[in-house]
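One rule links them: number in this note's numbering = place in the sequence shown (from 1) + 606.
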Amino acid sequence: MSQAQQCNLLLARLFPPMRWLHRVNRSTFRDDLMAAITGAIIVLPQGVAFAAIAGMPPEYGLYAAMVPAIIAALFGSSWHLVSGPTTAASIVLFASLSTMAEPSSEQYVALAITLTFMVGVIQIAMGMAKLGTLVNFISHSVVVGFTAGAAILIAAQQIQNFFGIAIPRGSDFHETLWHFATGLDELDGFITLIGVVTLISGILVRRYFPRFPYMVIAMGAGTAVSIGLNLYFGRENTDIATVGALPASLPPLSAPDLTLETLRELAPVALAATLLALTEAVSIARALAARSGQRLDGNQEFIGQGLSNVVGSFFSSYVATGSFNRSGVNYEAGARTPLAAGMAGILLIPLTLVVAPYAEFLPNAAMAGILFLVAWGLIDFHHIRQILQTSRSEAMIMGTTFLATLFLELEFAILMGVFLSLVVYLSRTSRPRIVSRVPGLRDGKRTMVTNETGLAECPQLKVIRIDGSLFFGAVPHVEEALQNIDAEDPERKHLLIVADGINFVDVAGAEMLAQEAERRRYMGGGLYLYGVKASVCATLRSGGYLDAIGDKNIYTSKTEALHDIVLLHLDPEICRGCDKRIFQECDQQPGGAGLAASAAASRGDGT
């Protein structure tokens, strides 16, 4: 690589826009601008809705869609990912912080901003340490279960605003349901009517006019009903609560609270929120990259997301991550480069200044109706059904995560899902597939086949194939299988392992192989390996385990392995009286010629 190329590569790492600025021209800029305008309009109702979910003042949902969107677009790697407030991040924020401070209070906002800074720092550190693959430990089943649980929590939190029933702030899921069931006689007809009209309007627009912004239209319908009720019955009689006018200003400067006590209190929440935010962002970016043909840099995306949260925390933003809705709209609207996401964040600023005063007419019931729609859309019925039909273990992971989301702290729900996924994975990998192999016919050719039909086996040599890793968790299973082999025929002292399915061996696995070799040598037999991968062989050699197994007992050729074992290691006197004769080499053992032909004929292999 030339010095100029190295310099360009360094510049691209320090300033990622260098990777795509050359793609910007008049045509792409026009497409990006149109996508940005669409995105900025859509985020107006979404930002207010997400702030309500997060327990933040309404304007903070818009602040979180400004600076973080710009920074993530500039320093991430995806061409189409749009960052900002999301449902999942908002619900985690509310569930985690509402027990520490009163939602929407100054203390609550301060904690949210500090949490945002911490999440950003962790994301940057993970990206710089090239830990992008860690997010893969949050399985699809965990995400589906968590999202479904979060959707129900969102709907439960809005019951009060939708029906006008008093529910104490900070109530748990089951407490909310109890207060709703026992307070139905307090249902407010005016408020419920607004919520129902908003909900039905949104459903109809989404179904019959999918190209139109259903949130904006539904909010408009709910607001119109609210204004009509106030005019007809009088505001003092309807008592319809509204969002209230938003501050028509730029995002105010803010600073995270970096005292040791606050950092210690928020650390568990920050870790869970980081994993969730990165999972959301990277999964969306990957999906869009697959459709656009882009190569995604996961570690750079981590850094971009981290910078967006660190910088955003100084501009009154709460935790931002990749948005499912806005990223999809950005792509479908024709965005060509990250400029679209960045310009959407910039255009949102003047839009907010113009629209903010009119939020005083937006009823909370209309917002609740919108959030009911958001919650319903979050439940992935297709994949839930698919998981239930496909895998019992994945269904268990999904169901456990779902229930934990409803009844436990959200950060623990995510971590529990990850833990269960790892347990299931380790359970599977700790039981490598072990099968007996015997000579047979496949497509008219003689080869080693899995002994599934009770074919005859050599009374002195057992041939097995192991598919999987020999690590500490798998050693007990393999040892048990070897004990069962001994129990089948204690006189069978030689063992050949077809090892081309073994991808990894750790110290425990290598120690087990060495001990098995010594045990069989003590019995008067031997352990032999065929098809050992170079990396596995290197592990055995570096640890000195090959000294116990023996270099001469490692074979690269199946023919050579069987030739040496049958002719050099098996007891010829036992072979003399054997009527199995399953190997071609048996023909060269004492009394082999006639019996070998007879055995081959009975097996139908023609040898």
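Just so it is clear, CB atoms sit at the ideal spot from N, CA and C, and this is done for glycine as well.
Note that this is a predicted model, so its numbers are computed, not measured.
**Asked** Is the distance from the Cβ of Pro816 to the Cβ of Ile648 below 8 Å?
**Response** Within the sequence shown, the letter at position 210 stands for residue 816. Within the sequence shown, the letter at position 42 stands for residue 648. The Cβ-Cβ distance between Pro816 and Ile648 does not fall below 8 Å.
**Asked** In whole angstroms, what separates the C-alpha of Met1129 from that of Ile1072?
**Response** Numbered from 1 along the sequence shown, position 523 holds the residue referred to as residue 1129. Numbered from 1 along the sequence shown, position 466 holds the residue referred to as residue 1072. So the two alpha carbons sit approximately 23 Å from each other.
**Request:** Would you grab the beta carbon distance between Leu805 and Gly975 for me? Rounded to a whole angstrom, and I think it's under 8 Å.
**Result:** Here residue 805 refers to the residue found at position 199 of the sequence shown. Here residue 975 refers to the residue found at position 369 of the sequence shown. About 4 Å; that satisfies the 8 Å criterion.
**Enclosing beta strand (DSSP E) for Val1069 [first to last residue]** = By 1-based counting over the sequence shown, the position of residue 1069 is 463. Element bounds for Val1069: Leu1067 to Asp1073.
**Close beta carbons around Ala1154, own chain, < 7 Å, minus the five adjacent residues each side** = Here residue 1154 refers to the residue found at position 548 of the sequence shown. Ala1120, Ala1123 and Glu1124.
**Prompt:** Skipping 5 residues on each side, what residues in its chain have a beta carbon closer than 6 Å to that of Ile797?
**Reply:** Looking up residue 797 in the sequence shown gives position 191. Contacts found: Gly770 and Ala971.
**Request:** Could you give the DSSP three-state label for Gly552: helix, strand or coil?
**Result:** The requested residue 552 is not part of the displayed model; the chain covers only 607 to 1213.
**Message:** For Phe656 and Gly928, I'd like the C-alpha separation in whole angstroms.
**Reply:** Position 50 of the sequence shown holds residue 656. Position 322 of the sequence shown holds residue 928. Their Cα atoms are separated by approximately 13 Å.
**Request:** Assign Tyr924 to one of three DSSP states: helix, strand, or coil.
**Result:** Here residue 924 is taken as the residue at index 318 of the sequence shown, counted from 1. When DSSP states are grouped into helix, strand and coil, Tyr924 belongs to the coil group.
**Request:** Check Arg885 in the structure and name its three-state DSSP category.
**Result:** Walking along the sequence shown from the start, residue 885 turns up at place 279. One point to set straight first is that residue 885 is Thr, not Arg, in the sequence displayed. Here Thr885 carries a helix assignment [DSSP, helix/strand/coil].
**Prompt:** If Val1104 sits next to Tyr1134, beta carbons under 8 Å apart, how far is it from one beta carbon to the other, in whole angstroms?
**Reply:** Within the sequence shown, the letter at position 498 stands for residue 1104. Within the sequence shown, the letter at position 528 stands for residue 1134. About 10 Å separates the beta carbons of Val1104 and Tyr1134, which is beyond the 8 Å limit, so they are not a contact pair.
**Prompt:** Tell me the DSSP bridge mates of Gly1132?
**Reply:** As a first step, residue 1132 must be located in the sequence shown, where it is residue number 526. Residue pairing for Gly1132: DSSP places it in a beta bridge opposite His1100.
**Request:** Please confirm whether Pro862 and Ser919 have their CB atoms less than 8 Å apart.
**Result:** By one-based count along the sequence shown, residue 862 stands at place 256. By one-based count along the sequence shown, residue 919 stands at place 313. Against a cut-off of 8 Å, the Cβ pair of Ser919 and Pro862 comes out as a contact.
**Asked** When you compare each of Glu1085, Val917 and Lys1139 to Thr1162 by their alpha carbons, which one comes out closest?
**Response** Locating residue 1162 in the sequence shown gives position 556, where the first residue counts as 1. Of all alpha-carbon atoms in Glu1085, Val917 and Lys1139, the one lying nearest the alpha-carbon of Thr1162 is that of Lys1139.
**Asked** Exposed or buried, which one is Met1118 when buried takes at least 16 other CB atoms within 10 Å?
**Response** Translated into the one-based positions of the sequence shown, residue 1118 becomes position 512. Buried, since its Cβ has 16 or more Cβ neighbours within 10 Å.
**Request:** Using a threshold of 8 Å, state whether the C-beta atoms of His1100 and Gly1132 are closer than that.
**Result:** Taking the sequence shown and counting its residues from 1, the one referred to as residue 1100 is at position 494. Taking the sequence shown and counting its residues from 1, the one referred to as residue 1132 is at position 526. Note that the C-beta distance between His1100 and Gly1132 is below 8 Å.
**Assigned secondary structure, Met973 (DSSP; H/G/I helix, E/B strand, else coil)** = Within the sequence shown, the letter at position 367 stands for residue 973. Note: Met973 maps to helix in three-state DSSP.
**Prompt:** Can the beta-carbon of Glu1063 be found closer than 8 Å to that of Val1044?
**Reply:** In the sequence shown, the residue the question calls residue 1063 occupies position 457. In the sequence shown, the residue the question calls residue 1044 occupies position 438. Less than 8 Å divides the Cβ of Glu1063 from the Cβ of Val1044.
**Prompt:** Can we say the stretch 690-702 touches the stretch 874-890, given the rule of at least three CB pairs closer than 8 Å?
**Reply:** Three or more pairs of CB atoms, one per stretch, sit closer than 8 Å, so the stretch 690-702 contacts the stretch 874-890.
**Asked** With burial defined as no fewer than 16 other Cβ atoms inside 10 Å of the residue's Cβ, what is the status of Ala962: buried or exposed?
**Response** To locate residue 962, count along the sequence shown from 1; it is residue 356. Buried.
**Prompt:** Which value, in whole angstroms, describes the spacing of the CA atoms of Ala830 and Ser807?
**Reply:** Mapped onto the sequence shown, residue 830 falls at position 224. Mapped onto the sequence shown, residue 807 falls at position 201. Straight-line Cα distance between these residues: approximately 12 Å.
**Prompt:** Which first and last residues belong to the alpha helix (DSSP H) in which Pro1178 is found?
**Reply:** The sequence position of residue 1178 within the sequence shown is 572, counting from 1. It spans Pro1178 to Arg1182 - the alpha helix (DSSP H) in which Pro1178 sits, taken as one unbroken run.
**Asked** Thr865 by DSSP, collapsed to three states: which one?
**Response** What you label residue 865 is simply residue 259 of the sequence shown in a count that begins at 1. Correct three-state label for Thr865: coil.
**Asked** Got a sec? Which residues, its chain only, sit under 7 Å from Leu1032 by beta carbon, not counting five neighbours each side?
**Response** Position 426 of the sequence shown, counted from the first residue, corresponds to residue 1032. Around Leu1032: Gly1079.
**Stretch pair the stretch 678-697 + the stretch 835-846: three plus CB contacts closer than 8 Å** = The answer is no - the stretch 835-846 does not touch the stretch 678-697, with fewer than three Cβ pairs under 8 Å.
**Message:** Per DSSP, what are the beta-bridge partners of Ile1040 in this structure?
**Reply:** Counting from one through the sequence shown, the residue named residue 1040 turns up at place 434. For Ile1040, which the question treats as bridged, DSSP gives the partners Ile1072.
**Prompt:** For Met1054, which of helix, strand or coil comes out of DSSP?
**Reply:** Position 448 of the sequence shown holds residue 1054. Strand at Met1054.
**Message:** Would Ala968 and Met821 be called neighbours here (beta carbons separated by less than 8 Å)?
**Reply:** On the sequence shown, residue 968 is found 362 positions in, with the first residue counted as 1. On the sequence shown, residue 821 is found 215 positions in, with the first residue counted as 1. Reading off the sequence shown, one finds Leu at residue 968, where the question assumed Ala. Contact flag unset, no.
**Message:** My output table needs one value for Ile771: the three-state DSSP class, helix, strand or coil.
**Reply:** The residue you call residue 771 lines up with position 165 of the sequence shown. Here DSSP, grouped into helix, strand and coil, assigns Ile771 to coil.
**Request:** Consult DSSP for Ile1160 and reduce its assignment to one of helix, strand or coil.
**Result:** Looking up residue 1160 in the sequence shown gives position 554. Residue state, collapsed to three classes: strand.
**Message:** Taking the alpha-carbon of Leu852 as reference, which of Glu665, Leu902 and Glu867 has the nearest alpha-carbon?
**Reply:** As a first step, residue 852 is located in the sequence shown; it is residue number 246 there, counting from the start. Sorting Glu665, Leu902 and Glu867 by C-alpha distance to the C-alpha of Leu852 places Glu665 at the top.
**Asked** Okay, do the stretch 717-734 and the stretch 867-874 touch, 3+ Cβ pairs below 8 Å being the bar?
**Response** In short, these stretches touch, since the Cβ pair count reaches three.
**Asked** With which residues is Gly808 paired in a DSSP beta bridge?
**Response** Taking the first residue of the sequence shown as 1, we reach residue 808 at position 202. None, per the DSSP bridge assignment.
**Prompt:** Closest to Thr865 by CA distance: which of Ala891, Gly948 and Phe723 is it?
**Reply:** The residue given as residue 865 occupies position 259 in the sequence shown. Among Ala891, Gly948 and Phe723, the Cα nearest to that of Thr865 is on Phe723.
**Prompt:** Assuming Val748 contacts Thr1007 under a Cβ cut-off of 8 Å, what Cβ separation, rounded to an integer in Å, is found between them?
**Reply:** As a working mapping, residue 748 is identified with position 142 in the sequence shown. As a working mapping, residue 1007 is identified with position 401 in the sequence shown. Confirmed, Cβ separation roughly 5 Å.
**Request:** Could you tell me how far apart the beta carbons of Met672 and Gly951 are, in whole angstroms, since I believe they sit closer than 8 Å?
**Result:** Indexing the sequence shown from 1 puts residue 672 at position 66. Indexing the sequence shown from 1 puts residue 951 at position 345. The beta-carbon distance between Met672 and Gly951, rounded to whole angstroms, is 5 Å. This is short enough to meet the 8 Å contact definition.
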